[in-house]
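Chains as they are written, first to last, in numbering that gives the first Met the number 0: chain A, 0 to 144; chain B, 0 to 144.
2 protein chains.
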Amino acid sequence: MLSIGKLSRATGVKVPTIRYYEQIGLLPEAERSSGNQRLYGRRTQERLAFIRHARELGFALEDIRELLALADDPERSCAAADRIAGRQLAAVNARLRRLEALRDELERMLAHCSSGRIADCRVIEVLGNHALCGHEHATGDDLSA
Amino acid sequence: MLSIGKLSRATGVKVPTIRYYEQIGLLPEAERSSGNQRLYGRRTQERLAFIRHARELGFALEDIRELLALADDPERSCAAADRIAGRQLAAVNARLRRLEALRDELERMLAHCSSGRIADCRVIEVLGNHALCGHEHATGDDLSA
DNA sequence: ATAGGATCTCTAGTCGCTATAGCTTCAAGG
DNA sequence: CCTTGAAGCTATAGCGACTAGAGATCCTAT
Numbered sequence: 000m001l002s003i004g005k006l007s008r009a010t011g012v013k014v015p016t017i018r019y020y021e022q023i024g025l026l027p028e029a030e031r032s033s034g035n036q037r038l039y040g041r042r043t044q045e046r047l048a049f050i051r052h053a054r055e056l057g058f059a060l061e062d063i064r065e066l067l068a069l070a071d072d073p074e075r076s077c078a079a080a081d082r083i084a085g086r087q088l089a090a091v092n093a094r095l096r097r098l099e100a101l102r103d104e105l106e107r108m109l110a111h112c113s114s115g116r117i118a119d120c121r122v123i124e125v126l127g128n129h130a131l132c133g134h135e136h137a138t139g140d141d142l143s144a
Numbered sequence: 000m001l002s003i004g005k006l007s008r009a010t011g012v013k014v015p016t017i018r019y020y021e022q023i024g025l026l027p028e029a030e031r032s033s034g035n036q037r038l039y040g041r042r043t044q045e046r047l048a049f050i051r052h053a054r055e056l057g058f059a060l061e062d063i064r065e066l067l068a069l070a071d072d073p074e075r076s077c078a079a080a081d082r083i084a085g086r087q088l089a090a091v092n093a094r095l096r097r098l099e100a101l102r103d104e105l106e107r108m109l110a111h112c113s114s115g116r117i118a119d120c121r122v123i124e125v126l127g128n129h130a131l132c133g134h135e136h137a138t139g140d141d142l143s144a
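As C-alpha cells, this is what we get:
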C-alpha cells in the first residue's frame, strides 16, 4: 500500500490533485491507515495512471468519468468510448485549425513591425483595426491560446 | 452615445462581459444616463474592439492591459508590444506542436479500435497503458484541448 | 398608462486545479 | 525514548475569463 506522496511520485499526479480527484468522485474514497492517512493499492494506482493519460490527451474530467465507467465494464460495446475519443479528436482538430490561423496572423503582425514608435507599430495597429487582418477569426468560445 | 446593449451588438462582446471589463479596469468607468444606465462613446467602442480582437488572438487580459497602455502612448517604442506579441506567438506555436501530437495519438487509438467489446478496445487499452503510445506527451501545465 | 424588454447590482457558478493555514501523524537520528 | 522535520490531514479561498441567476429599476412603444 502506498501513501499519497508515493502514489504522487509513482504517477506524476500532484498530491492535492489526487485528493481533488477523490473529492469529485473520480477516484474511490481511499482506505485509511490507523492514523487516518490515505493508502492506495495497485488498482487505484492504475486508475490514476489512466486518468492522467487521458488528461494529457486533453479529455475533460467528465469524459474521463465516462471512460472509466466503460473501462470497468469489459463486456460492453466500446462504441461509446469510440464516440468520446472521436469527439475529442474533432475538438483537437478544430483547435488546431484555429491556432494555425492565429499563428499566421501573429506572424504577419510581427513581420511588419519595424520596432519603431508605437504610432507606427503594426502590432498595435492591427489589434486596433480588425480590417487589417487577413482573415476572420473565431468569434465564440475558444479564445484561449 | 450607445447603450450597453447597442455597444454589445456593435462589437460582438456580450453585455455582462463589457461590465466585467469595466469592473477589472480594462474599460474606464462608463458615463451614466439620468437613470444610471451606462453610455458609451466612440473611444470606448474602439477600445472594446481592440480588446476583442486581441482576445481572439489569444492574448490574456493582462497582456491586453499592457497593449492598451502602449496604444495610449504613441511616442513610446513599440519594442514592448513586439515582445508581448512574440511571446504570444511562441505560446501558440508550443500549443500547436502539442495539439498535433495529441491528434496523432487520438488518431492512432481510433484507427486501431475495432468497435467491439470494451475488453478489446484499443482506446481504453491505450489510456490504461501509457507504454502503448507512440510517444511521450507533455506532463505539465497545458492539458486543455 | 401599461407592457415588456433592457438595464441595474450583487452573488454564485464554471473548470481543473493550486495555495494557504493550522493542525496531526509518521519515520529517522541521537 | 525523544525529538525534529517531512509528510499528511481538513477546510477554505483563489486563479482566469467569463456566465448565469435573482430581484429591482428604467426606458420605449403602443
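No residue lacks a Cβ here, since even glycine has one placed at the ideal position from N, Cα and C.
For ARG102 of chain B, the nearest CB of chain A lies under 8 angstroms from its own CB, placing it at the interface with that chain. For HIS52 of chain B, the number of other beta carbons within 10 angstroms of its own is at least 16, and it is reported as buried.
Between ALA29 of chain A and chain B, the shortest Cβ-Cβ separation is not below 8 angstroms. Between ALA80 of chain A and ILE123 of chain B, the gap from beta carbon to beta carbon is short of 8 angstroms. Residues of chain A whose Cβ lies closer than 7 angstroms to the Cβ of HIS129 of chain B are, in chain order, ALA48 and HIS52.
Taken through DSSP and simplified to helix, strand or coil, GLU61 of chain A comes out as helix. Setting aside the 5 residues that flank it on each side, ARG8 of chain B has no residue in the same chain whose C-beta is closer than 7 angstroms to its C-beta. GLU65 of chain B and ARG116 of chain A do not touch by the CB rule: their CB atoms are close to 17 angstroms apart, not below 8 angstroms.
Listed along chain B, the residues sitting closer than 8 angstroms to SER76 of chain A by beta-carbon distance are SER114, GLY115, ARG116 and ILE117. The three-state secondary structure of SER76 of chain B, taken from DSSP, is strand.
The beta carbon of VAL122 of chain B falls within 8 angstroms of a beta carbon belonging to chain A, placing the residue at that interface. By the Cβ criterion, the region 10 to 27 of chain B is in contact with the region 42 to 50 of chain B, since at least three pairs of Cβ atoms, one from each stretch, lie closer than 8 angstroms. For LEU67 of chain A, the closest C-alpha among the options A:ALA118, A:PRO27 and A:SER114 is that of A:PRO27. Considering only beta carbons, the part of the region 55 to 67 of chain B lying closer than 7 angstroms to chain A consists of GLU55, LEU56, GLY57 and LEU66, in chain order. Of B:LEU126, B:ALA100, B:GLU99 and B:THR10, the smallest CA-CA separation from CYS112 of chain B is found for B:LEU126. Between TYR39 of chain B and LEU1 of chain B, the beta carbon gap of about 5 angstroms places them in contact (Cβ cut-off 8 angstroms). Between ALA80 of chain B and chain A, the shortest Cβ-Cβ separation is below 8 angstroms. Collapsing the DSSP output to three states places GLU106 of chain A in a helix. In the three-state reduction of the DSSP assignment, GLU30 of chain B falls in the strand class.
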